[in-house]
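Participant: The sequence shown begins at 1 in full-length UniProt numbering and counts up one residue at a time.
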Amino acid sequence: MAGGRTKIYFDGGCRPNPGRMEAAVVVRGEAHLFDDMGEGGSFDAEWLALLEALDLACRIGLEDVVLLGDALAVVNEAQAVLDGGSGREPHATRLRELVAGGPSLRVRWIRRGQNLAGIALDRRRLR
Numbered sequence: 001m002a003g004g005r006t007k008i009y010f011d012g013g014c015r016p017n018p019g020r021m022e023a024a025v026v027v028r029g030e031a032h033l034f035d036d037m038g039e040g041g042s043f044d045a046e047w048l049a050l051l052e053a054l055d056l057a058c059r060i061g062l063e064d065v066v067l068l069g070d071a072l073a074v075v076n077e078a079q080a081v082l083d084g085g086s087g088r089e090p091h092a093t094r095l096r097e098l099v100a101g102g103p104s105l106r107v108r109w110i111r112r113g114q115n116l117a118g119i120a121l122d123r124r125r126l127r
């Protein structure tokens, strides 16, 4: 698919922490919500959200992507993996697999109030 860089927002969470994990991904203004992601802590939930975002980018054929999330530790670790470093397994391995056949990718931190995926999760919880 031709075009410029596509911004994809991701956010993961669990309640309680640790607890049932959930995630949201927003691409091109459309929110995708993920349940039944198992039990875990917030760090794993954020990683799973990032991986869901990248998997979605691959499925819809995006070529140049920036993943935007508000979990600084996950963003930093994912970017380190992309730069050839290590990361928490099995998340780092899955990231490498998706990138191998997928889009050009960057991962960047944004403030919570700017994270459209976080906003989607908050709205869902209020229902």
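Heads up, the beta-carbon is just placed ideally off N, CA and C, and yes, glycines get one too.
For clarity, every value in this text was computed on a predicted model and none was experimentally measured.
#1: Residue 8: buried (16+ other C-beta within 10 angstroms of its C-beta) or exposed?
#2: Could you tell me whether the Cβ atoms of residue 97 and residue 88 are closer together than 8 Å?
#3: With which residues is residue 89 paired in a DSSP beta bridge?
#4: Since residue 25 contacts residue 45 with CB under 8 Å, what's their CB separation in whole angstroms?
#5: Within its chain, find whatever has a CB closer than 6 Å to the CB of residue 71; leave out the 5 residues flanking it on each side and keep chain order.
#6: From the DSSP output, read off the bridge partner residues of residue 108.
#7: Would you say residue 94 and residue 62 are within 8 Å of each other, going by their C-beta atoms?
Facilitator: To lay it out plainly:
#1: buried
#2: no
#3: In the DSSP output, where bridge partners are listed per residue, residue 89 has none listed.
#4: At roughly 13 Å, the Cβ-Cβ gap does not stay under 8 Å, so residue 25 and residue 45 are not in contact.
#5: 46
#6: 68
#7: no
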